[in-house]
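Chemist: Please find one structure pasted underneath; my questions will follow.
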Amino acid sequence: MRTPRHLPAALVAVLVLAAATACSDGGPRGTLPGHGSSGTWFVQSVSTGGKTLTAPPVAQVHFPASESEQATGNYGCNGFTAEVTYDGPGAITLKPGSTTAMACENTEFEAAFAKLLTGRLTLERRSDRLTLKTADGSTIAMSSQPPAPDAPLTATAWTVTSLVSGGTAASVPAEAAGRAVFTIAPDGAASGSLGCNRFSAKAAVEGPTLSFGPLTSTRMACQGPQGELEAKLTALFGSGPLTWKVQGATLNLTATDGNGLTATAASAAE
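Shown next, in the form of C-alpha coordinates:
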(Lines of atoms letter the chains of each structure in order from A and count residues from 1; the text may use other names and numbers.)
(Lines give C-alpha, C1' and ligand atoms only; values in the text may rest on other atoms or scores of the structure.)
Protein backbone atom coordinates (compact mmCIF):
# COMPACT_ATOMS: atom_id res chain seq x y z
CA MET A 1 0.00 0.00 0.00
CA ARG A 2 1.40 3.43 -0.97
CA THR A 3 1.63 5.96 1.83
CA PRO A 4 -0.31 9.13 0.90
CA ARG A 5 1.80 12.25 0.89
CA HIS A 6 1.56 14.70 3.79
CA LEU A 7 -0.11 12.15 6.18
CA PRO A 8 1.73 11.18 9.35
CA ALA A 9 2.80 7.55 9.43
CA ALA A 10 0.83 6.92 12.68
CA LEU A 11 -2.43 8.09 11.08
CA VAL A 12 -1.83 5.90 8.04
CA ALA A 13 -1.39 2.89 10.35
CA VAL A 14 -4.76 3.62 12.02
CA LEU A 15 -6.54 3.84 8.66
CA VAL A 16 -5.03 0.57 7.46
CA LEU A 17 -6.14 -1.20 10.69
CA ALA A 18 -9.69 0.18 10.39
CA ALA A 19 -9.98 -0.97 6.78
CA ALA A 20 -8.79 -4.45 7.66
CA THR A 21 -11.30 -4.69 10.53
CA ALA A 22 -14.19 -3.55 8.33
CA CYS A 23 -13.44 -6.21 5.73
CA SER A 24 -13.09 -9.06 8.20
CA ASP A 25 -16.07 -11.40 8.76
CA GLY A 26 -14.46 -13.42 11.54
CA GLY A 27 -15.10 -13.37 15.28
CA PRO A 28 -18.17 -14.17 17.39
CA ARG A 29 -21.62 -12.87 16.47
CA GLY A 30 -22.82 -10.44 19.08
CA THR A 31 -26.11 -9.09 20.33
CA LEU A 32 -28.15 -7.32 17.70
CA PRO A 33 -29.29 -4.02 19.23
CA GLY A 34 -32.95 -3.22 19.62
CA HIS A 35 -34.57 -6.60 18.98
CA GLY A 36 -36.08 -6.36 22.50
CA SER A 37 -36.80 -10.04 22.96
CA SER A 38 -33.84 -11.49 24.86
CA GLY A 39 -34.58 -12.94 28.30
CA THR A 40 -37.19 -15.29 29.71
CA TRP A 41 -40.80 -14.92 28.60
CA PHE A 42 -43.75 -16.73 30.15
CA VAL A 43 -46.39 -17.78 27.63
CA GLN A 44 -49.92 -16.64 28.42
CA SER A 45 -51.82 -17.96 25.41
CA VAL A 46 -51.66 -18.87 21.74
CA SER A 47 -54.34 -17.87 19.22
CA THR A 48 -54.68 -19.73 15.94
CA GLY A 49 -57.49 -20.82 13.65
CA GLY A 50 -59.99 -18.61 15.50
CA LYS A 51 -59.29 -20.35 18.81
CA THR A 52 -57.35 -19.13 21.86
CA LEU A 53 -55.63 -21.67 24.10
CA THR A 54 -54.49 -20.74 27.60
CA ALA A 55 -50.92 -21.73 28.36
CA PRO A 56 -49.95 -24.10 31.18
CA PRO A 57 -47.90 -22.30 33.88
CA VAL A 58 -44.63 -23.96 32.78
CA ALA A 59 -44.84 -22.80 29.14
CA GLN A 60 -41.99 -20.38 28.54
CA VAL A 61 -39.21 -19.33 26.17
CA HIS A 62 -35.73 -18.00 26.91
CA PHE A 63 -34.38 -15.97 24.00
CA PRO A 64 -30.59 -15.47 24.11
CA ALA A 65 -28.99 -12.07 23.57
CA SER A 66 -26.63 -13.52 20.97
CA GLU A 67 -27.29 -15.65 17.90
CA SER A 68 -24.36 -17.83 18.92
CA GLU A 69 -26.61 -19.34 21.59
CA GLN A 70 -29.83 -21.32 21.27
CA ALA A 71 -33.28 -20.44 22.54
CA THR A 72 -34.57 -22.84 25.19
CA GLY A 73 -37.97 -23.33 26.75
CA ASN A 74 -40.93 -25.51 27.56
CA TYR A 75 -43.92 -26.16 25.30
CA GLY A 76 -46.13 -26.72 28.35
CA CYS A 77 -44.75 -30.13 29.30
CA ASN A 78 -41.79 -30.96 27.05
CA GLY A 79 -38.61 -28.91 26.90
CA PHE A 80 -37.09 -27.71 23.62
CA THR A 81 -34.22 -25.87 21.98
CA ALA A 82 -34.20 -23.75 18.82
CA GLU A 83 -31.72 -21.85 16.69
CA VAL A 84 -32.35 -18.11 16.60
CA THR A 85 -31.80 -15.43 13.99
CA TYR A 86 -32.71 -11.84 14.85
CA ASP A 87 -34.02 -10.11 11.73
CA GLY A 88 -33.52 -6.56 12.92
CA PRO A 89 -35.69 -4.94 15.62
CA GLY A 90 -39.04 -6.26 14.35
CA ALA A 91 -38.69 -9.95 13.57
CA ILE A 92 -37.11 -13.20 14.67
CA THR A 93 -36.62 -16.54 12.92
CA LEU A 94 -36.57 -19.81 14.85
CA LYS A 95 -35.48 -23.24 13.69
CA PRO A 96 -36.62 -25.98 16.12
CA GLY A 97 -33.89 -28.19 17.54
CA SER A 98 -34.18 -30.95 20.12
CA THR A 99 -37.19 -31.68 22.33
CA THR A 100 -38.07 -34.13 25.07
CA ALA A 101 -40.75 -36.74 24.42
CA MET A 102 -42.78 -37.10 27.61
CA ALA A 103 -46.45 -38.10 27.49
CA CYS A 104 -48.43 -34.98 28.38
CA GLU A 105 -52.02 -34.12 29.23
CA ASN A 106 -52.29 -30.77 27.45
CA THR A 107 -51.32 -32.03 24.00
CA GLU A 108 -53.56 -29.54 22.17
CA PHE A 109 -51.69 -26.54 23.55
CA GLU A 110 -48.27 -28.15 23.09
CA ALA A 111 -48.96 -29.00 19.46
CA ALA A 112 -50.29 -25.51 18.68
CA PHE A 113 -47.43 -23.72 20.47
CA ALA A 114 -44.74 -25.87 18.83
CA LYS A 115 -46.28 -25.30 15.39
CA LEU A 116 -46.37 -21.52 15.82
CA LEU A 117 -42.91 -21.16 17.37
CA THR A 118 -41.04 -21.85 14.15
CA GLY A 119 -40.01 -19.88 11.09
CA ARG A 120 -40.14 -16.11 10.80
CA LEU A 121 -42.20 -14.28 13.44
CA THR A 122 -42.78 -10.57 13.82
CA LEU A 123 -42.31 -9.00 17.25
CA GLU A 124 -44.45 -6.51 19.13
CA ARG A 125 -42.99 -5.40 22.47
CA ARG A 126 -45.03 -3.33 24.91
CA SER A 127 -43.56 -2.88 28.37
CA ASP A 128 -43.56 -6.34 29.99
CA ARG A 129 -45.57 -7.91 27.13
CA LEU A 130 -44.22 -9.55 24.00
CA THR A 131 -46.40 -10.81 21.14
CA LEU A 132 -45.07 -13.02 18.35
CA LYS A 133 -47.11 -13.14 15.15
CA THR A 134 -46.94 -15.61 12.27
CA ALA A 135 -47.50 -14.80 8.61
CA ASP A 136 -51.13 -16.04 8.82
CA GLY A 137 -51.93 -13.82 11.82
CA SER A 138 -51.68 -16.44 14.57
CA THR A 139 -50.16 -15.08 17.78
CA ILE A 140 -48.21 -16.12 20.86
CA ALA A 141 -48.84 -13.79 23.82
CA MET A 142 -46.11 -13.69 26.47
CA SER A 143 -45.19 -11.75 29.61
CA SER A 144 -41.93 -11.13 31.42
CA GLN A 145 -43.76 -11.79 34.69
CA PRO A 146 -44.27 -15.41 35.84
CA PRO A 147 -47.89 -16.58 36.00
CA ALA A 148 -49.77 -16.08 39.23
CA PRO A 149 -50.47 -19.17 41.33
CA ASP A 150 -53.82 -20.83 40.73
CA ALA A 151 -56.67 -19.24 42.66
CA PRO A 152 -58.53 -21.65 44.98
CA LEU A 153 -61.87 -22.94 43.73
CA THR A 154 -63.51 -22.22 47.07
CA ALA A 155 -63.57 -18.90 48.92
CA THR A 156 -62.95 -17.03 45.65
CA ALA A 157 -65.44 -14.61 44.11
CA TRP A 158 -65.74 -15.74 40.47
CA THR A 159 -67.05 -13.33 37.83
CA VAL A 160 -68.49 -15.00 34.73
CA THR A 161 -66.80 -13.55 31.65
CA SER A 162 -67.89 -15.91 28.85
CA LEU A 163 -70.20 -18.80 28.04
CA VAL A 164 -69.33 -21.85 25.96
CA SER A 165 -71.93 -23.42 23.68
CA GLY A 166 -71.32 -25.97 20.96
CA GLY A 167 -67.58 -25.69 21.51
CA THR A 168 -67.59 -21.93 20.87
CA ALA A 169 -66.91 -19.36 23.59
CA ALA A 170 -68.71 -16.02 23.54
CA SER A 171 -68.12 -13.11 25.89
CA VAL A 172 -70.91 -12.09 28.22
CA PRO A 173 -72.89 -9.22 26.58
CA ALA A 174 -71.68 -5.79 27.63
CA GLU A 175 -75.05 -5.03 29.26
CA ALA A 176 -74.59 -8.02 31.59
CA ALA A 177 -70.82 -7.87 32.10
CA GLY A 178 -69.76 -8.19 35.73
CA ARG A 179 -73.26 -9.06 36.96
CA ALA A 180 -72.92 -12.83 37.25
CA VAL A 181 -70.74 -13.57 40.27
CA PHE A 182 -70.62 -16.61 42.52
CA THR A 183 -68.64 -17.95 45.46
CA ILE A 184 -68.35 -21.47 46.84
CA ALA A 185 -67.57 -21.53 50.55
CA PRO A 186 -65.27 -24.20 52.01
CA ASP A 187 -68.35 -25.89 53.52
CA GLY A 188 -70.00 -26.13 50.07
CA ALA A 189 -72.44 -23.25 50.43
CA ALA A 190 -72.67 -21.56 47.02
CA SER A 191 -74.15 -18.09 46.55
CA GLY A 192 -74.05 -15.10 44.23
CA SER A 193 -75.87 -13.55 41.33
CA LEU A 194 -77.01 -15.22 38.11
CA GLY A 195 -76.91 -11.91 36.27
CA CYS A 196 -80.10 -10.49 37.74
CA ASN A 197 -81.43 -12.56 40.65
CA ARG A 198 -79.36 -13.64 43.60
CA PHE A 199 -79.15 -17.35 44.34
CA SER A 200 -77.95 -19.88 46.88
CA ALA A 201 -77.34 -23.62 46.61
CA LYS A 202 -75.38 -26.47 48.08
CA ALA A 203 -72.31 -27.42 46.05
CA ALA A 204 -70.20 -30.56 46.23
CA VAL A 205 -66.64 -30.92 44.95
CA GLU A 206 -65.50 -34.45 44.15
CA GLY A 207 -62.05 -34.47 42.57
CA PRO A 208 -62.30 -32.77 39.16
CA THR A 209 -66.10 -32.39 39.26
CA LEU A 210 -68.38 -29.79 40.83
CA SER A 211 -72.12 -30.34 41.34
CA PHE A 212 -74.76 -27.81 42.35
CA GLY A 213 -77.89 -28.82 44.24
CA PRO A 214 -81.27 -27.15 43.58
CA LEU A 215 -80.94 -23.38 43.26
CA THR A 216 -82.95 -21.02 45.47
CA SER A 217 -83.19 -17.54 44.01
CA THR A 218 -85.01 -14.24 44.24
CA ARG A 219 -87.87 -13.71 41.80
CA MET A 220 -87.24 -10.48 39.93
CA ALA A 221 -88.36 -10.47 36.30
CA CYS A 222 -85.24 -10.25 34.16
CA GLN A 223 -85.30 -9.21 30.51
CA GLY A 224 -82.74 -8.71 27.76
CA PRO A 225 -79.10 -9.81 28.02
CA GLN A 226 -79.26 -10.14 31.82
CA GLY A 227 -82.26 -12.45 31.59
CA GLU A 228 -80.64 -14.54 28.85
CA LEU A 229 -77.44 -14.88 30.87
CA GLU A 230 -79.40 -15.90 33.94
CA ALA A 231 -81.34 -18.56 32.02
CA LYS A 232 -78.16 -20.09 30.62
CA LEU A 233 -76.39 -20.14 33.99
CA THR A 234 -79.43 -21.66 35.70
CA ALA A 235 -79.52 -24.42 33.08
CA LEU A 236 -75.76 -25.02 33.35
CA PHE A 237 -75.71 -25.21 37.16
CA GLY A 238 -78.62 -27.63 37.10
CA SER A 239 -77.24 -29.89 34.35
CA GLY A 240 -75.35 -32.26 36.64
CA PRO A 241 -71.67 -32.68 37.48
CA LEU A 242 -69.43 -30.05 35.88
CA THR A 243 -65.75 -30.57 35.21
CA TRP A 244 -63.81 -27.73 36.78
CA LYS A 245 -60.31 -26.45 36.12
CA VAL A 246 -58.52 -23.43 37.58
CA GLN A 247 -55.51 -21.98 35.81
CA GLY A 248 -54.10 -18.85 37.36
CA ALA A 249 -57.06 -16.54 37.90
CA THR A 250 -59.33 -18.32 35.41
CA LEU A 251 -61.97 -20.96 36.16
CA ASN A 252 -63.52 -23.17 33.48
CA LEU A 253 -66.67 -25.19 34.18
CA THR A 254 -67.72 -27.69 31.52
CA ALA A 255 -70.84 -29.87 31.35
CA THR A 256 -70.95 -33.31 29.75
CA ASP A 257 -72.57 -31.82 26.62
CA GLY A 258 -69.66 -29.40 26.15
CA ASN A 259 -71.48 -26.31 27.36
CA GLY A 260 -69.83 -24.31 30.07
CA LEU A 261 -68.48 -21.03 31.32
CA THR A 262 -65.28 -19.15 31.97
CA ALA A 263 -64.97 -17.01 35.09
CA THR A 264 -62.23 -14.80 36.48
CA ALA A 265 -61.17 -14.39 40.10
CA ALA A 266 -62.40 -11.07 41.49
CA SER A 267 -58.96 -9.55 42.03
CA ALA A 268 -58.11 -10.16 38.36
CA ALA A 269 -61.47 -8.91 37.09
CA GLU A 270 -61.34 -5.62 38.94
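Quick note on our numbering: the sequence shown kicks off at 16 and runs consecutively. Yeah, the Cβ is synthetic: ideal placement off N, Cα and C, and Gly gets one too. Keep in mind it's a predicted model, so treat the numbers as computed, not measured.
1) Given a cut-off of 8 Å on the beta-carbon distance, is the pair LEU131 and VAL61 in contact?
2) Tell me the residue span of the alpha helix (DSSP H) that contains ALA97.
3) Answer yes or no: do LEU230 and THR258 have a C-beta to C-beta separation smaller than 8 Å?
4) Select from ALA219, GLY193, SER153 and ARG194 the residue whose C-alpha is nearest the C-alpha of ALA204.
5) Among residues of its own chain, excluding the 5 on either side of ALA278, which ones have a beta-carbon nearer than 7 Å to its beta-carbon?
6) What is the rounded straight-line gap between the Cα of GLN241 and the Cα of PRO256?
7) If you count every other CB in all the chains shown that lies within 10 Å of the CB of GLU125, and 16 or more means buried, which is it?
8) Report the rounded CA-to-CA distance for GLY91 versus PRO111, giving the unit in angstroms.
9) Starting from the C-beta of PRO71, find all residues in its chain whose C-beta is less than 8 Å away, skip the five residues before and the five after it, and write them out in chain order.
10) Taking only the alpha-carbon atoms, compute the straight-line gap between VAL196 and GLY65 and give it to the nearest angstrom.
11) Mind listing, in chain order, the continuous alpha helix (DSSP H) runs of no fewer than 4 residues lying wholly within the stretch 207-239?
12) State the Cα-Cα distance for the pair THR290 and ASP165, rounded to the nearest angstrom.
13) Can you check whether the CB of GLY193 is closer than 8 Å to the CB of GLU245?
14) I'd like the list of long-range same chain contacts for LEU268, defined as Cβ closer than 6 Å, with 5 residues on each side in sequence excluded.
15) From the DSSP output, read off the bridge partner residues of ASN267.
16) Does DSSP put PRO104 in a helix, a strand or coil?
17) Are SER158 and PHE57 touching if we call contact CB-CB under 8 Å?
18) For ALA127, which residues from the same chain have a beta carbon less than 8 Å from its beta carbon, with the 5 sequence-adjacent residues on both sides left out?
19) Starting from the C-beta of LEU147, find all residues in its chain whose C-beta is less than 6 Å away, skip the five residues before and the five after it, and write them out in chain order.
20) Please go through the stretch 106-166 and give each complete alpha helix (DSSP H) segment of 4 or more residues, from N-terminal end onward.
21) Is there a C-beta anywhere in chain B that falls below 8 Å from the one on GLU82?
Modeler: This is what the structure gives:
1) Start at 1 with the first residue of the sequence shown, and residue 131 comes out as number 116. Start at 1 with the first residue of the sequence shown, and residue 61 comes out as number 46. Going by C-beta atoms, LEU131 is nearer than 8 Å to VAL61.
2) In the sequence shown, the residue the question calls residue 97 occupies position 82. Taken as a continuous stretch (DSSP letters only), ALA97 belongs to no alpha helix (DSSP H), being part of the beta strand (DSSP E) at 94-101.
3) By one-based count along the sequence shown, residue 230 stands at place 215. By one-based count along the sequence shown, residue 258 stands at place 243. No; because the gap between Cβ atoms is not below 8 Å, this pair is not in contact.
4) Working through the sequence shown from its first residue, we reach residue 204 at position 189. Comparing C-alpha distances from ALA204 to each of ALA219, GLY193, SER153 and ARG194 shows the shortest one belongs to ALA219.
5) Here residue 278 refers to the residue found at position 263 of the sequence shown. If we look at ALA278 and ignore the five residues flanking it on each side, its Cβ neighbours are TRP173, THR174, VAL175, THR176 and LEU266.
6) For the purposes of this step, residue 241 is taken as the residue at position 226 of the sequence shown. For the purposes of this step, residue 256 is taken as the residue at position 241 of the sequence shown. For GLN241 and PRO256, the distance between alpha carbons rounds to 24 Å.
7) As a working mapping, residue 125 is identified with position 110 in the sequence shown. Under this definition GLU125 is a buried residue.
8) Position 76 of the sequence shown holds residue 91. Position 96 of the sequence shown holds residue 111. Approximately 16 Å, taken between the alpha carbons.
9) Along the sequence shown, one-based indexing puts residue 71 at 56. If we look at PRO71 and ignore the five residues flanking it on each side, its Cβ neighbours are GLY91, CYS92, ASN121, PHE124 and GLN262.
10) Translated into positions along the sequence shown, residue 196 becomes position 181. Translated into positions along the sequence shown, residue 65 becomes position 50. Whole-angstrom Cα-Cα distance: 27 Å.
11) Runs of the alpha helix (DSSP H) spanning 4 or more residues and lying entirely within the stretch 207-239 do not occur at all.
12) Because the chain in this structure spans residues 16 to 285, residue 290 falls outside the shown range and cannot be described.
13) Reading the sequence shown from its first residue, position 230 is the one you call residue 245. Reading the sequence shown from its first residue, position 178 is the one you call residue 193. Contact: no.
14) Here residue 268 corresponds to residue number 253 of the sequence shown, with the count starting at 1. Answer for LEU268: LEU257, TRP259, GLY275 and LEU276, listed in chain order.
15) Here residue 267 corresponds to residue number 252 of the sequence shown, with the count starting at 1. Its beta-bridge partners are LYS260 and THR277.
16) As a working mapping, residue 104 is identified with position 89 in the sequence shown. Here PRO104 sits in helix by DSSP.
17) The residue labelled residue 158 in the question sits at position 143 within the sequence shown. The residue labelled residue 57 in the question sits at position 42 within the sequence shown. Yes, these two residues count as a Cβ contact at 8 Å.
18) Within the sequence shown, the letter at position 112 stands for residue 127. Once the five neighbours on either side are set aside, the close Cβ partners of ALA127 are VAL61, THR63 and LEU68.
19) Position 132 of the sequence shown holds residue 147. Closer than 6 Å at Cβ, skipping near neighbours: LEU136 and ILE155.
20) 122-131
21) Of the protein chains in this structure there is only one, and it is not chain B.
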